[in-house]
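What follows is a short report on a single structure.
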Amino acid sequence: MSWQGGFGGPQSGTGAYIEDQGPKSQSDWTLIRRLVKYSRERKREVAYMVASVAIFSASGVLGPILTAYAIDEYIFPGGRPGDDVTGLSVIVIAYMLISLVTYATENIQTYYMATAGQYVVYKLRKDAVEKLEKLSLRYFNNRPIGAIISHVTNDVEVFNNFLTFQSTQLISGFTSIIGIAIVMFFINVELAIVALSIVPMLALLIYLLHGRMKEAWMSTRRSVGALTAKVAESVAGIKVTQSFAAEEADEAEFAESNRRNLTTNVEAAKWSSFVGPMAQVIQSFGIFAVFYVGATIIYSGGLEIGILAAFYIWLNNLFRPVQQITQFYPQYQSAMVGLDRVLQIIDAPVDLNESPDAIEFAEVRGEVEFRHVSLRYKEGDPNALTDVNVHIQPREIVAIVGQTGAGKSTFVNLLFRFYDPDEGAVLLDGHDVRDLKFQSLRKHMAIVLQDPFLFSGSVMENIRYGNLDATDEDVIRVAKDVGLDDFIMGLPQKYDTLIRESANNISTGQKQLVAIARALVANPNVLVLDEATSKVDPFTEVLIQRALDKAFSDRTTFIIAHRLSTIRMATRILVLDHGRLVEEGSHDELLRKDGVYAKLYRIQFQNSVAPRPSE
Amino acid sequence: MSKALRFIRYLLRYKLGVSAIAAGIAVTVYTRLLVPAFINIITVDITSRASLGTILFYSLAIIGVTAVSGVGQFVYSYLTQTTGNKMVYDIRHDLFTSIQSKSFSFYDQNQVGDLIARATGDVEAVRRFVTQSMGQLLFTIALMIGVVIELVSLNPLLLLPGVGLMPIVALTGYLFDRQQSPNWKQVRDQYAVMNTVLEENLTGMRVVRAFTREDYEMKKFDEINRKYYNTNMAVAKTRAYFIPLMPFLIGLNIAVLFYFGGIFVMRGQVSLGDLVEAYSILVIITPNARFLGLTLSQALNASWGLERIFTTIDTTPEIRDSPDSIVMKDARGEIAFENVSFSYEQGKPLLKSVNVTIQAGETIAIVGKTGSGKTTFANLIPRFYDATSGKVTIDGVDVKEIKLQSLRRLVGTVSQETFLFSRSVRDNIAFGVRGASLDDIVRCAKVAHADEFIRTFPKGYDTIVGERGSTLSGGQKQRIAIARALLFNPRILIFDDSTSSVDVETEYEIQEAMRTMVANRTTLLITQRLSTIRLADKIAVFDAGELVEFGTHDDLIGKRGVYTQIFEAQFASTSQTIRSGA
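Chains as they are written, first to last, in numbering that gives the first Met the number 0: chain A, 0 to 614; chain B, 0 to 581.
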């Protein structure tokens, strides 16, 4: 039961993906530009990296020149074995030094790439979560939480893997190509043209296969997305699956998803396995040309054998990045998709903004007014609330009743500014809530939700969540007030007992009590109880009622309840029906009116006192 | 069995694929090393001014062997990816079915976010290794062996300068592995924590917002995000030293080769062609050596992913079929508890020797204070948990003797917390009876009073629940869950406070409609609202884990015990409303 609440909340979705795993919303170029922007705070590291990449590439080009020199000058000068070991030693030492420089620069570039890259990854996650905290509940309406989590963790991780494992290799590979081409032309134009003639062939190969490869890899992304969704949902709903003995059907669905993922991957493997060997074959044409043409040039006295060997080595090095492109292509695609996904979160417009000149409230009296308020959750949906007008004085106790879906929770959502109304305004102490700082608005209000969501952490921490300044004594006093103290003292570590670990020992009703304590410790000026005691037995409820009676005295209170017994304290009752405020008044007035409320009241009263006689 | 061995067992399920991979690698290594051999010949030919025709022949031969090596490379690359993906399929399958078969207590102890991380992130780490790096690793090993053989056969004089530094490479690889391993374990663990923290943050969003704890939550996430960053940085630092080390050692090797090889050539002990060939070989293996570092990183990451996966698979479910369990196709539905006690922790019993017999077809209301053991009692019947002592029977058969699947087909539960799947309303209701007709679905939805609101959705029964997650109220979700259980049509039906979020009027109507549904089955109604008792033949009253009273309403009222107390508490609060109204 540890995940109850976690997946029971009204907006929690189910931890599954249902979204389209389609193409990206931004081009690769835009993504890379934004990436560069992101790395700005690590400018120095990036500069070191760029510098070391340049030196690294240069030293890579230089190596074959040294070996050519060694062969042509000392080992085999003029086509005969030489004898200048000292000269050879100098070259060998130079080669070692170059290797050392190569090592150092590769180390530096790998390290700084990681520094900058890991920072970007960290920052992307941080920004995404910060944005998620700012987005209104509307944003989460059609997005399963599992999908959002996956964007922040898994998708960024895919990007991270590409960045740390593959990107430096690609970058230094490309700079090497340029360096090698320049040196080749510098040394022998004819041979350079011959050697580089294969580059267009390679480009053509990649161009021809690019579309297919991309398609194949996108379909693997889609299938893995669907699979992740399936797994996430199955895990989240496993208790239901087990209780309906539906494991087999669930497993069949999973197997289907798993198999589709296998098929798409195998299809993609075909293409990626094809490109590497093809590139090798094209390269061998280059090698063939270099040696054959090289030999003719040597025979005409225009070249020496060492240089020919160097051309061969360069040709090999030229191919490394090409090989890598084909090898890393899938990772590159996935990385870009991952980056795009998380940036979409970061870019999401915040629809509930704190206005720049928002007011701070030091004290709240608790006067609440709804002025012609209407709201619908989604374009095309019927209104959840229509033209609601009501003015509540400080310290009133207001009960909100109505059928499921009548708009009771919507009323509360607007009061807390979880949503902004489409029309009209909600006012607190005469100020439109849109003109108040969030902190200031919500600091003076507290809510107990239907679903008593608790965080992993101790009982003490969970109650204190309502008011971080509360002392241990405050927490204990409130726990005593709601009749929770006895239960907590019976737990193994008392107030320090971890909620998750003891999830087995705490019933849903007791969780509701913790949630009530959490709200009361905030000592709010406006208290909202949304079906706060629905899972508590009548006996305990009476105790809570008593605790609340005290609590009600100096604050404005809203009570949403199905059990009318819960609202006996109310000074005013609002009856909602299909989003409209249909009745309003005291219990007596509403009974006299003989309308919706009176009917509700009669049903409940008759039922609760007249159980079926036993036969 | 060590995880490496188990991994290999998964691999060896595809013996044919593995042998084809081995063959492909052998062909590729052999033909690829032929290229330097031809370059050797060409070099010698050029220095001896052989005819251009000979040179043309060997140059063309390079294209020929490359084509063959290309075929080999395609085969092993394609097959490692295919086989690797099949292995991942198998591992994922085993993990999934194992998670699926765990007992409720397992899910109580493991957070959803963590389990999901195992089933996705950890499997992904394994996948990355087996499909991307495993082939590389095998190929590199084969290539190294091939290089040694080639150099020995070429000229033993070149062996030492050619591969003299290789043992150092192997040693650093080993040291790297040892040094990095704990970091990679941390990477995997912290990744899972990051998932859990985020999951909790997002599912508890309304609480976070209502108490303006956004900063607090961001700080909590930032903490684990930062930790993860630091661990990754530690890994990256070592990697930055290690990865360039391979090409560096090869670079030194080339220098050494040129020194000694150069002298050998000067002395005429070795031909220039042999030197160029050895040089070419070292150049060819450089990228493979560089990859070795990446490969090892991915292998370590995968191995800790595997560790977490295997640990999960190896956890034996506490509740499973006994070897001689029976299939119970149908039952009358008589339930008996014989001296049943239950506790999660020693010394803290949640149920204390409960004895009760519920006759087939009876409707029992279960009442009691919060935390008195009502849900625990009900959980023992479909074996969500096993009794610590005593015996629960259905029609006289111990539930532990009944095959779980058939037991759970007999018992349907509507639990306190409603979980709906992200699929259509229709599929959600038909969850227990795949392929049920729409008529049946609608009939059950009507009884649960879900039909009326489902019809108001633009897409009706085809509305995806996930899409409307926020606009489905708690009461609406509960009504869908009730319809789901009704369609399942079990012999024994348990409602665990399943109308708590439904308004009173609708609840009343659901109860009226359910009268027919409860008529021919055993029904347990856990409830806080005494109004539900109208439906019950008998009432079971729990207090602090004990079944303190059991009987009809009249019996119990007469006793003036706990039931009377509870009854009066509710009556009192209701009548107070009346008084304040009068």
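Where a beta carbon is used, it is the ideal one built from N, C-alpha and C, also for glycine.
| query | result |
| --- | --- |
| Closer than 7 Å: T375/B CB and nearest the ligand NAP heavy atom | The ligand content of the structure shown is nil, which means the ligand NAP is not present either. |
| Within the region 410-459 of chain B, ranges of the beta strand (DSSP E) (whole runs, at least 3 residues) | 410-413 |
| Minimum Cβ-Cβ distance from F247/B to chain A less than 8 Å | yes |
| Endpoints, alpha helix (DSSP H) assigned at I31/A | D27 to Y37 |
| Whole alpha helix (DSSP H) elements within the region 214-288 of chain B, 4-residue minimum | 244-265 |
| Cβ neighbour criterion (16 or more within 10 Å) applied to R212/B | buried |
| Cross-chain neighbours of L448/A in chain B, by beta carbon under 8 Å | R205, V206 and A209 |
| Residue burial classification, D121/B (beta-carbon count within 10 angstroms, cutoff 16) | buried |
| Proximity test, Cβ basis, 8 Å: I148/A and chain B | yes |
| Contacts that L599/A makes with chain B (C-beta to C-beta distance below 7 Å) | V503 and E504 |
| Residue from V424/B, R8/B and T455/B with nearest C-alpha to I440/B | V424/B |
| Counterpart residues of V366/B in DSSP-defined beta bridges | V540/B |
| Cα-Cα separation, Y328/A to L437/B | 47 Å |
| Chain A contact residues for I115/B, given Cβ-Cβ distances below 9 Å | G14, G145, I148, S149, T227, V230, A231, V234 and A235 |
| Alpha carbon of E588/A to alpha carbon of L414/A, nearest angstrom | 26 Å |
| Counted within 10 angstroms of its Cβ, other Cβ atoms place Q108/A as buried (16 or more) or exposed | buried |
| Among P143/A, V52/A, G145/A and A127/A, the one whose alpha carbon lies nearest that of Y102/A | V52/A |
| Neighbour flag for M193/B against chain A, beta carbons, 8 Å | yes |
| Nearest-angstrom Cβ-Cβ length linking Y73/A and G261/B, presumed shorter than 8 Å | 7 Å |
| Helix, strand or coil at S100/B [DSSP, three-state] | coil |
| E306/B versus R187/B, Y57/B, P381/B and D221/B, residue with shortest Cα-Cα distance | R187/B |
| Collapsed DSSP secondary structure at I281/A in the structure displayed | helix |
| Uninterrupted alpha helix (DSSP H) stretches inside the region 367-419 of chain A (no shorter than 4 residues) | 407-414 |
| Neighbour flag for L170/B against chain A, beta carbons, 8 Å | no |
| Neighbourhood of L33/B by C-beta distance below 6 Å, restricted to the same chain and skipping five residues each side | V64 |
| Contacting positions in the region 300-323 of chain B - beta carbon closer than 7 Å to chain A | none |
| Closest residue to F241/B among K218/B, D323/B, Y173/B and Y9/B (Cα-Cα distance) | Y173/B |
| Pick from D44/B, M133/B and I308/B that is closest to I115/B, judged by C-alpha positions | I308/B |
| Residues that S500/B contacts on chain A, provided the C-beta gap is smaller than 8 Å | T403, Q449, E530, S533 and H561 |
| Per-residue DSSP class, three states only, for L524/B | strand |
| F284/A: contacting residues in chain B (beta-carbon distance under 7 Å) | I62 |
| Top-ranked residue by Cα proximity to L471/B, from F37/B, S421/B, Q527/B and Q268/B | S421/B |
| Contact check, V100/A vs I54/A, beta carbons under 8 Å | yes |
| Within 8 Å of chain B by C-beta, residues of the region 538-559 of chain A in sequence order | F538, T539, E540, V541 and Q544 |
| Chain A contact residues for I401/B, given Cβ-Cβ distances below 8 Å | Ordered by position in chain A, no residue passes the 8 Å Cβ test against I401/B, which lies about 12 Å from the chain. |
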